[in-house]
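One structure is given below, encoded as structure tokens.
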Amino acid sequence: MINVLYEDNSVIVVVKPAGILSQKSKDTDNSMLDMVKEYVKKKYNKPGNVYIGLVHRLDRNVSGVMVFARNSKSASRLSEEVRSHKLKKKYYAVVSGIIKNDEGTFKDYLVKDKGFNTRVTSKENGKESTLDYKVLKRDYKDNMTLVDIDLKTGRHHQIRVQFASRGYPLCGDTRYGSVKGNLALCAYSLTFIHPITKKEMTFKIDMPSNKFFDNFK
Numbered sequence: 004m005i006n007v008l009y010e011d012n013s014v015i016v017v018v019k020p021a022g023i024l025s026q027k028s029k030d031t032d033n034s035m036l037d038m039v040k041e042y043v044k045k046k047y048n049k050p051g052n053v054y055i056g057l058v059h060r061l062d063r064n065v066s067g068v069m070v071f072a073r074n075s076k077s078a079s080r081l082s083e084e085v086r087s088h089k090l091k092k093k094y095y096a097v098v099s100g101i102i103k104n105d106e107g108t109f110k111d112y113l114v115k116d117k118g119f120n121t122r123v124t125s126k127e128n129g130k131e132s133t134l135d136y137k138v139l140k141r142d143y144k145d146n147m148t149l150v151d152i153d154l155k156t157g158r159h160h161q162i163r164v165q166f167a168s169r170g171y172p173l174c175g176d177t178r179y180g181s182v183k184g185n186l187a188l189c190a191y192s193l194t195f196i197h198p199i200t201k202k203e204m205t206f207k208i209d210m211p212s213n214k215f216f217d218n219f220k
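Per our numbering, the very first residue in the sequence shown carries number 4; after that it's consecutive.
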């Protein structure tokens, strides 16, 4: 059963658990897109295929708030919000190491390589990638920092790479140099302009439970 935060005739806002794809990559995979389609089909007793538009993604191992479109007009308008950075996401993350500054901005140029990893590169070869962060708590005993991240651009693995490149890989992110465990990254807040009413809407969830986040509760 999916966790629905809001729904109307234009959009549906849900919580994606960690471990579920946003959109399936092969027939055997389950995905949030399929789960939302099935939810709408059953709830409203719709025959045949149900239209649900995927307008943004979260990585498989990232939990958080997602919005889906329920018709093509809404999908087009929400997709334009993504392109123009009007759809805003904020994240909780736990990183390895103690970040000294209470807040800051990371700006890099990122490129995705053939192995689906992302790395920092030159301005000429990469896409500009920016985020703001604030330190919420520091755990000196276990050498971890809890941060609140305001993502300004949504590049592939952006948060993970920008912190790892500065020596603070996300806890649980073995791809970019951290210890094993569930990836400590959650999109806890989502803000967008409703495609029909034009009202700004914000949805938030609590910090999820895993061994890294639980250290700060």
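Virtual Cβ for every residue (Gly too), placed ideally from N, Cα, C.
Pair within 8 Å by beta-carbon distance, residue i and residue j
i, j, result
"residue 131", "residue 112", "yes"
"residue 44", "residue 53", "yes"
"residue 96", "residue 150", "yes"
"residue 72", "residue 81", "yes"
"residue 64", "residue 186", "yes"
"residue 181", "residue 175", "yes"
"residue 146", "residue 102", "no"
"residue 13", "residue 77", "yes"
"residue 200", "residue 192", "no"
"residue 190", "residue 91", "no"
"residue 196", "residue 84", "yes"
"residue 126", "residue 106", "no"
Sequence-distant residues of its chain with Cβ nearer than 6 Å to residue i (five each side left out)
i, result
"residue 20", "66"
"residue 9", "16"
"residue 108", "135"
"residue 156", "132, 133"
"residue 213", "185"
"residue 161", "132"
"residue 7", "17"
"residue 298", "No answer is possible for residue 298: it lies beyond the span of the chain, which begins at 4 and ends at 220."
"residue 194", "91, 205"
Where residue i falls, given that 16 or more other Cβ within 10 Å makes a residue buried
i, result
"residue 23", "buried"
"residue 18", "buried"
"residue 26", "exposed"
"residue 94", "buried"
"residue 117", "exposed"
"residue 119", "exposed"
"residue 47", "exposed"
"residue 198", "buried"
"residue 69", "buried"
"residue 50", "exposed"
"residue 4", "exposed"
Cβ distance (whole Å) where residue i is taken to contact residue j below 8 Å
i, j, result
"residue 87", "residue 56", "So it is not a contact: roughly 17 Å between Cβ atoms."
"residue 115", "residue 159", "5 Å"
"residue 154", "residue 173", "Their Cβ separation, rounded to whole angstroms, is 14 Å, which puts residue 154 and residue 173 out of contact at 8 Å."
Near the ligand GTP: residue i beta-carbon under 7 Å from a heavy atom
i, result
"residue 126", "Within the structure as shown, the ligand GTP is missing, as the structure has no ligands at all."
Beta-carbon proximity list for residue i, same chain, < 8 Å, skipping 5 on both sides
i, result
"residue 183", "175, 177"
"residue 32", "24"
"residue 171", "98, 99, 100, 102, 148"
Interface flag, residue i vs chain E, CB-CB below 8 Å
i, result
"residue 50", "Looking for chain E here will not work: only one protein chain is present."
Neighbourhood of residue i by C-beta distance below 7 Å, restricted to the same chain and skipping five residues each side
i, result
"residue 207", "191, 192"
3 or more residues per run - each beta strand (DSSP E) lying fully within the region 96-166 | 106-115, 121-124, 130-142, 147-154
Please go through the region 8-73 and give each complete alpha helix (DSSP H) segment of 4 or more residues, from N-terminal end onward.
-> 35-46
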